[in-house]
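Note that the protein sequences, when read in sequence, are chains V and P. Under our numbering, the first residue of the first sequence is numbered -2, with each subsequent residue one higher. Under our numbering, the first residue of the second sequence is numbered -2, with each subsequent residue one higher. Ideal Cβ positions, reconstructed from N, Cα and C, are used throughout, including at glycine. Structure record follows, encoded as structure tokens.
Protein chains: 2
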Amino acid sequence: MTLMADCKAGKIPEIVKLVAESEGVSPEFVRGQVASGRVVIPRNKNRSFDPIGIGQGLSTKVNANLGTSRDKADIEFELAKLKAALEAKTDAVMDLSTGGDLSAIRKVILDACPVPLGTVPIYETAIRMVENQLPMVNMNSESIFSTIEDQARMGVDFITVHCGVTRNLVRMLLEGDRLMEVVSRGGSFLIEWVHYNQAENPLYEHYDRLLELAREYELTLSLGDGLRPGTIIDATDKPQIQELVTLGELVERARKADVQSMVEGPGHIPVNQIETNVRLEKSLCKDAPFYVLGPIVTDIAPGYDHITSAIGGALAGSFGADFLCYVTRAEHLCLPDRESVWEGVMAARIAAHAADLAKGFNKAWEWDRQMSKARKKLDWEKMLSLAIDPELARKTRATIPPEKEEVCTMCGEFCALKKIGEIKA
Amino acid sequence: MTLMADCKAGKIPEIVKLVAESEGVSPEFVRGQVASGRVVIPRNKNRSFDPIGIGQGLSTKVNANLGTSRDKADIEFELAKLKAALEAKTDAVMDLSTGGDLSAIRKVILDACPVPLGTVPIYETAIRMVENQLPMVNMNSESIFSTIEDQARMGVDFITVHCGVTRNLVRMLLEGDRLMEVVSRGGSFLIEWVHYNQAENPLYEHYDRLLELAREYELTLSLGDGLRPGTIIDATDKPQIQELVTLGELVERARKADVQSMVEGPGHIPVNQIETNVRLEKSLCKDAPFYVLGPIVTDIAPGYDHITSAIGGALAGSFGADFLCYVTRAEHLCLPDRESVWEGVMAARIAAHAADLAKGFNKAWEWDRQMSKARKKLDWEKMLSLAIDPELARKTRATIPPEKEEVCTMCGEFCALKKIGEIKA
């Protein structure tokens, strides 16, 4: 019995109670949401940690992508980033390593990770080919599914699977006029495979096998958008939406098999197309949790993509996106370091919180209310400790300290809040 | 004859042609917008610089607030911030100094400032009282208007005037249940004055005198929102909207007097109330240019308010706000330094650009298109030089440099764009 099967049967497993408690909603509500597929609780049957729920009616969650690359495969460096991401209170982590001993790195990260951990197994499948001096296109169903099972056995909680990159879609893409055909690594591996082998994507053709594995290990499927736009010029175009239609069908098949699934989304979307993208996903994928990668709202700000993605994430979340993948300032430039990871998680958490305010969550509003009350009282200790990043707030205030502790150096004695206190006294 | 009078008379002054050229629109379009009050071109008759237009149909502009405080009154420090703001390409600057020799500071900043410069004259009026050991409430029409004239004579291009803080509004505010009654410094000075003197706000009572001064010096009025919400808890409440109704009336009187005017807006607004705020201003103020202060979308992120305001600014701009006042990471904590100013202008420019994409401006889309073409070609030199902050983009890329120059250390040889190039070759 999977979690979803239990919930469908009306049972309320312990994991559901824990999520309900942390969200301040009833266990019955969470049970219903999991049963219908509107909420996922990613946790491998071999893992144990305080669970989180992702989806409609629950607070917006954030994910931090970590992982080595061929140019920088340093486990200590990745562990430092993991520590930073956790201290900055990320809700989930993905290990996207593509350099070094992938299995060893995953093991180390899993052991140090008390939040849901996701991976993209096709990376490992492809890289094993390269390591064995074989062309990547020699991957086959066996190598793909055995990697997935290896990772599931190790305890991975959710996996990105680009099942929607079908043979038809690849043809449409290669015949089309997209500016940037593909920016998803996993997507590009599968496009190459499909195009070279002139065969159907194994993750689509053998989707039932994937569902079996997911059932066995209580693995949550994150249906990847291999053809997400990689520039706002391509946003909301035919390949993107065609893939989304397929992902909607795969969500329904997962639900029938009692497997938890969510749907990944862009990517690069201009501000005025974000609402459409969220509503489309919710409609085509029957309210499956929507996991957006940013989105960033312009392409011209490399070095500031924690900001371009905070804009897009806040907006997407406010329209119903459930899970925001952070984007760091290193995006489009290099692998992120510890500082970029910290700041990236903070920016994504700000976006998620802004979305939660728009979604009307009491807990979110209460935080702002407490902060505003402290401001009104000029209670600096309270303000600083309520800040999303108390250490940064303290450090910033200390750069130009005030003569009188009750105010700040922006307005000093001309503080409007101080004045109104005197007027009303 | 003021600029607006000329435009109403069907003339196309040189300044209108310059704005039209820089925006890539017809001079006749700009003339019509200025005549109707939908666009302002702030430039004092005693000043000379390349003008900018602010308002409907033109690209979204950004402003950087500078200025000393009593705790930190250092001209060199302010000049360094001005230089940073200009290098970061701010469209306008406000000198909000409240410490040191206000007149001398303004002179130095005006001389070094080739973009529109705004001030809040009530600061100087109030501070002169304090300097003369007089209570602030001893200000009167004479001292208020003589300060405005002094500043206009010096060359200030636009001034924030809190004309909407009427006696009725102050009564409503003090009898009401706002969490944070006032966070506007100028607003708080006038509230205190009105409350103590039990008299009408001179800027409202003698608004015609203000219009005369504005006509004489070609001064653009920025109708301040003294009662803007200072916490999202108070957003879109009665005092805020009551003031906006008054500002709408004052816009109409300014237009009749051939005086350019814009309207200032919040402040603190949750994501889901931003559209309402912009549409309300455009409706009540007959499409007057909307100059928003941020807005920041949550109160809990001091130290990151360049991000919370970029979210709000992008969204406000996408719905029609015309002019975004930056907010730096120092906001709510201290006076900003050079680095905060630079980053604040960049964050506001990103928001303005995201808004311009949403507004459908070709020039904005072309920038993203060029960047995306460079990315597709893996043309790093082009990508880095097209970045909004080339120096930061270069520095960031150099933190973890790639072995092969054609890619970056995020994906390395597994670059999706590299792969699709090979597939299509």
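Open item on the list: If I measure Cβ to Cβ from residue 330 of chain P and keep anything under 7 Å in the same chain, skipping five residues before and after, which residues do I get?
Closed with: As a position in the second sequence, residue 330 of chain P is number 333, starting the count at 1. Within the same chain, Cβ atoms closer than 7 Å to the Cβ of residue 330 of chain P are found at 299, 300, the five residues on either side in sequence being excluded.
Open item on the list: I'd like to know whether the C-beta of residue 389 of chain V is nearer than 8 Å to at least one C-beta of chain P.
Closed with: Sequence index remark: in the first sequence, residue 389 of chain V carries index 392 (1-based). With 8 Å as the cut-off, residue 389 of chain V counts as an interface residue toward chain P.
Open item on the list: Below 8 Å on the Cβ atoms is my contact criterion, and I expect residue 123 of chain V with residue 186 of chain V to pass it. Report the Cβ-Cβ distance as a whole number of Å.
Closed with: By one-based count along the first sequence, residue 123 of chain V stands at place 126. By one-based count along the first sequence, residue 186 of chain V stands at place 189. 5 Å between Cβ atoms; contact.
TODO: Can you give me the Cβ contacts of residue 261 of chain V inside the same chain, cut-off strictly under 7 Å, excluding the 5 residues immediately before and after it?
DONE: Here residue 261 of chain V is taken as the residue at index 264 of the first sequence, counted from 1. The residues are 157, 219, 220, 221, 222, 288, 290.
Task: Span separating the alpha-carbon of residue 251 of chain V from that of residue 160 of chain V - done: Walking along the first sequence from the start, residue 251 of chain V turns up at place 254. Walking along the first sequence from the start, residue 160 of chain V turns up at place 163. Those two C-alpha atoms are separated by around 12 Å.
Task: Contact set between the stretch 282 to 301 of chain V and chain P, restricted to residues whose Cβ is under 7 Å from the partner - done: 294, 295, 296, 297, 298, 299, 300, 301
Task: Cutoff 6 Å; reference residue 226 of chain P; Cβ partners in own chain excluding five residues on either side - done: As a working mapping, residue 226 of chain P is identified with position 229 in the second sequence. Hits under 6 Å: 232, 237, 263, 264, 265.
Task: Contact list for residue 100 of chain V against chain P, beta-carbon separation under 8 Å - done: One-based indexing of the first sequence puts residue 100 of chain V at position 103. The contacting residues do not exist; residue 100 of chain V stays about 18 Å from chain P at best.
TODO: In the DSSP assignment, find the unbroken alpha helix (DSSP H) run with residue 201 of chain P in it and report its ends.
DONE: As a first step, residue 201 of chain P must be located in the second sequence, where it is residue number 204. First-last of the alpha helix (DSSP H) with residue 201 of chain P: 199 to 202.
Task: Reduced DSSP category for residue 350 of chain V - H, G, I as helix; E, B as strand; rest coil - done: If you number the first sequence from 1, residue 350 of chain V lands on position 353. Reduced to three states, the DSSP call for residue 350 of chain V is helix.
Open item on the list: Can you pull the chain V neighbours of residue 351 of chain P, defined as C-beta to C-beta under 8 Å?
Closed with: Numbered from 1 along the second sequence, position 354 holds the residue referred to as residue 351 of chain P. In chain order: 267, 268, 294, 295, 305, 308.
- [ ] Give every residue of the same chain whose Cβ lies closer than 6 Å to the Cβ of residue 48 of chain P, excluding the five residues on either side of it in the sequence, and list them in chain order.
- [x] Taking the second sequence and counting its residues from 1, the one referred to as residue 48 of chain P is at position 51. Same-chain partners within the cutoff: 12, 15, 16, 38, 40.
TODO: Report the residue from V:397, V:416, V:415 whose alpha carbon sits nearest the alpha carbon of residue 71 of chain P.
DONE: Translated into the one-based positions of the second sequence, residue 71 of chain P becomes position 74. Residue nearest to residue 71 of chain P within the set V:397, V:416, V:415 is V:397 (criterion: CA-CA distance).
Task: Chain-ordered residues of the stretch 388 to 412 of chain P with a beta carbon less than 7 Å from chain V - done: 389, 390, 393, 394, 396, 397, 399, 400, 405, 406, 407, 408, 409, 410, 411
TODO: Spell out whether any CB of chain P is found under 8 Å from the CB atom of residue 185 of chain V.
DONE: As a working mapping, residue 185 of chain V is identified with position 188 in the first sequence. Chain P, which has a Cβ nearer than 8 Å to the Cβ of residue 185 of chain V, makes this yes.
Task: Alpha carbon of residue 211 of chain V to alpha carbon of residue 302 of chain P, nearest angstrom - done: Here residue 211 of chain V refers to the residue found at position 214 when the first sequence is read from its first residue. Here residue 302 of chain P refers to the residue found at position 305 when the second sequence is read from its first residue. Going by the C-alpha atoms only, they are around 42 Å apart.
Open item on the list: Please report the straight-line C-alpha distance between residue 380 of chain V and residue 128 of chain P, rounded to a whole angstrom.
Closed with: Your numbering for residue 380 of chain V matches position 383 in the first sequence. Your numbering for residue 128 of chain P matches position 131 in the second sequence. Distance from the CA of residue 380 of chain V to the CA of residue 128 of chain P, rounded to the nearest whole angstrom, comes to 32 Å.
Open item on the list: Please report the straight-line C-alpha distance between residue 418 of chain P and residue 345 of chain P, rounded to a whole angstrom.
Closed with: Locating residue 418 of chain P in the second sequence gives position 421, where the first residue counts as 1. Locating residue 345 of chain P in the second sequence gives position 348, where the first residue counts as 1. If I take the Cα positions, the gap works out to 35 Å.
Task: Residues bridged to residue 91 of chain V [DSSP beta-bridge criterion] - done: Within the first sequence, residue 91 of chain V is the residue found at index 94, counting from 1. Residue 91 of chain V pairs with V:62, V:115.
TODO: Using a Cβ-Cβ cut-off of less than 8 Å, list which residues of the stretch 54 to 82 of chain V approach chain P; keep chain order.
DONE: 66, 67, 68, 69
TODO: Compare the C-alpha of residue 337 of chain P against each of P:92, P:171, P:79, P:319 and name the closest.
DONE: Position 340 of the second sequence, counted from the start, is the residue given in the question as residue 337 of chain P. Per the Cα distances, P:79.
Task: Neighbouring residues, chain P, relative to residue 365 of chain V (Cβ below 8 Å) - done: For the purposes of this step, residue 365 of chain V is identified with residue 368 of the first sequence, where counting begins at 1. Going along chain P in sequence order, the residues near residue 365 of chain V (Cβ under 8 Å) are 228, 229, 230, 295, 296, 297.
TODO: Could you name the residues that DSSP lists as bridge partners for residue 51 of chain V?
DONE: By one-based count along the first sequence, residue 51 of chain V stands at place 54. According to DSSP, residue 51 of chain V bridges with V:37.
Open item on the list: Given this structure, state the Cα-to-Cα distance separating residue 119 of chain P from residue 197 of chain P, to the nearest angstrom.
Closed with: One-based indexing of the second sequence puts residue 119 of chain P at position 122. One-based indexing of the second sequence puts residue 197 of chain P at position 200. Pairing residue 119 of chain P with residue 197 of chain P, the inter-Cα distance amounts to about 15 Å.
Open item on the list: When you compare the CB positions of residue 297 of chain P and residue 385 of chain V, do they come within less than 8 Å of one another, or not?
Closed with: By 1-based counting over the second sequence, the position of residue 297 of chain P is 300. By 1-based counting over the first sequence, the position of residue 385 of chain V is 388. Yes, the pair counts as a contact, with Cβ atoms nearer than the cut-off.
Open item on the list: According to DSSP, is residue 295 of chain P part of a helix, a strand, or is it coil?
Closed with: By 1-based counting over the second sequence, the position of residue 295 of chain P is 298. Correct three-state label for residue 295 of chain P: coil.
Open item on the list: Please identify the residue among V:292, V:294, V:293, V:275 whose C-alpha is closest to the C-alpha of residue 432 of chain V.
Closed with: Outside the shown range of chain V, which is -2 to 422, sits residue 432 of chain V, and nothing can be said about it.
- [ ] Name, going along the chain, the residues of the stretch 165 to 182 of chain P whose beta-carbon falls closer than 8 Å to a beta-carbon of chain V.
- [x] So the close ones are 171, 176, 177, 178, 179, 180, 181, 182.
Task: DSSP three-state assignment for residue 259 of chain V, whether helix, strand or coil - done: Locating residue 259 of chain V in the first sequence gives position 262, counting from the first residue. In the structure shown, residue 259 of chain V sits in a strand (DSSP, three-state: E or B).
- [ ] Please work out which residues of its chain come closer than 8 Å, Cβ to Cβ, to residue 133 of chain P, disregarding the five sequence neighbours upstream and downstream, and give them in chain order.
- [x] Against the second sequence, residue 133 of chain P aligns to sequence position 136. Hits under 8 Å: 123, 126, 127, 186, 189, 190.
Task: Contact list for residue 189 of chain V against chain P, beta-carbon separation under 9 Å - done: What you label residue 189 of chain V is simply residue 192 of the first sequence in a count that begins at 1. Residues of chain P passing the Cβ test: 416, 417, 419, 420.
Task: Proximity to residue 234 of chain V [Cα-Cα], best of V:184, V:176, V:280 - done: Residue numbering aside, residue 234 of chain V sits at position 237 when the first sequence is read from its first letter. Measuring from the Cα of residue 234 of chain V, the nearest candidate turns out to be V:176.
TODO: Following the continuous beta strand (DSSP E) through residue 157 of chain P, name the residue where it begins and the one where it ends.
DONE: As a working mapping, residue 157 of chain P is identified with position 160 in the second sequence. It spans 155 to 158 - the beta strand (DSSP E) in which residue 157 of chain P sits, taken as one unbroken run.
Task: Interface flag, residue 116 of chain P vs chain V, CB-CB below 8 Å - done: As a position in the second sequence, residue 116 of chain P is number 119, starting the count at 1. Residue 116 of chain P does not count as touching chain V.
- [ ] Return the Cβ separation of residue 28 of chain P and residue 410 of chain V in integer angstroms, given the expectation that the two are a contact with Cβ distance under 8 Å.
- [x] Residue mapping note: residue 28 of chain P aligns to position 31 of the second sequence, counting from 1. Residue mapping note: residue 410 of chain V aligns to position 413 of the first sequence, counting from 1. Rounded, the Cβ-Cβ distance is 46 Å, inconsistent with contact.
- [ ] Taking C-beta pairs closer than 8 Å, name the residues in chain P that residue 432 of chain V reaches, listed in chain order.
- [x] The requested residue 432 of chain V is not part of the displayed model; chain V covers only -2 to 422.
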